[in-house]
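So the sequence lines, in the order shown, correspond to chains A and B. Add 8 to the 1-based position in the first sequence for our numbering, that's all there is to it. Add 73 to the 1-based position in the second sequence for our numbering, that's all there is to it.
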Amino acid sequence: KAGVTQTPRYLIKTRGQQVTLSCSPISGHRSVSWYQQTPGQGLQFLFEYFSETQRNKGNFPGRFSGRQFSNSRSEMNVSTLELGDSALYLCASSLVLGTGELFFGEGSRLTVL
Amino acid sequence: KNEVEQSPQNLTAQEGEFITINCSYSVGISALHWLQQHPGGGIVSLFMLSSGKKKHGRLIATINIQEKHSSLHITASHPRDSAVYICAVYKAEKLTFGTGTRLTIIP
């Protein structure tokens with residue numbers, strides 16, 4: 009059974025650009041959640057999707073957005089990149105919302121110059 | 074005060090020692106997760122608890138809902154257990170994370 013796949017694994021952008029990250033969950037999983045990890049703030053919740061609906065969003069500005077497709081694949085987008093957006097972006101999939109076992113992808117490491 | 078507090082922040086032990094990592098939280102929760110993160114970033118889910126105790130191999134996790142406290146125990150620790158262990162609580166469709174415990178097991 010394939011795990012959670014995140015692409016791209018590494019990327020470098022410059023301030024003001026935008027970026028789109030992709031997450032393919034484990035087959036059959038309908039919940040996909042996104043997290044940002046930085047040395048200063050640790051792991052922080054970005055948003056969670058279930059059956060194409062955003063269920064909740066963390067305390068991030070509107071530049072951070074996401075969506076989920078009918079096949080449960082999810083994308084997140086960050087517009088007008090800032091230096092502070094440099095981070096490891098992780099997604100996780102689960103069978104059920106919130107109280108199921110989480111399966112994490114390897115992450116997308118974004119560097120903003 | 075953070076919603077999720079972990080202790081200790083860093084822990085170094087000899088191979089074979091019994092390890093305990095603690096997690097306290099300040100709000101009512103639906104579930105608590107213990108996660109393991111190795112260098113390089115990959116995160117593995119160890120346990121998801123809503124009550125009681127779970128065991129998987131040398132790992133044991135307990136939760137006391139009334140006291141808002143959970144512990145992760147590692148018996149017969151091994152150098153491959155060296156990693157960052159993270160506690161996360163799920164409430165109102167949102168996961169909140171502790172700052173992690175960096176565990177180093179010396180052969």
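Cβ coordinates follow ideal geometry from the N, Cα and C atoms, glycine included.
Own chain partners of residue i with C-beta closer than 6 Å, once the 5 adjacent residues on each side are dropped
i, result
"A/T46", "A95"
"A/N64", "E56"
Residue i burial status per 10 Å Cβ neighbour count (16 or more: buried)
i, result
"B/H106", "buried"
"A/A10", "exposed"
"A/L91", "exposed"
"B/A165", "exposed"
"A/H37", "buried"
"A/G113", "buried"
"B/Q139", "exposed"
Contact test: residue i Cβ vs the ligand GDP heavy atom, cutoff 6 Å
i, result
"A/V40", "Annotation note on the ligand GDP: not contained in the displayed structure, which lists no ligands."
Same chain, Cβ closer than 7 Å to residue i, neighbours up to 5 away in sequence not counted
i, result
"B/F170", "V77, I159 and A161"
"B/S97", "E78, K141 and H142"
Proximity test, Cβ basis, 7 Å: residue i and chain A
i, result
"B/S97", "no"
"B/S118", "yes"
"B/L168", "yes"
"B/Y158", "no"
Secondary structure of residue i, DSSP reduced to three states
i, result
"A/L91", "helix"
"B/S153", "The amino acid at residue 153 of chain B is misidentified as Ser; the sequence shows Arg. Note: B/R153 maps to helix in three-state DSSP."
C-beta neighbour in chain B for residue i, strict 7 Å
i, result
"A/R63", "yes"
"A/L51", "yes"
"A/E109", "yes"
"A/L19", "no"
Residues near residue i by beta carbon distance below 8 Å, same chain, minus five either side
i, result
"B/S103", "S123, Y163 and K164"
"B/L84", "I92, I94, T174, R175, L176 and T177"
Distance between beta carbons of residue j and residue i, contact taken as under 8 Å
i, j, result
"A/I20", "A/L121", "6 Å"
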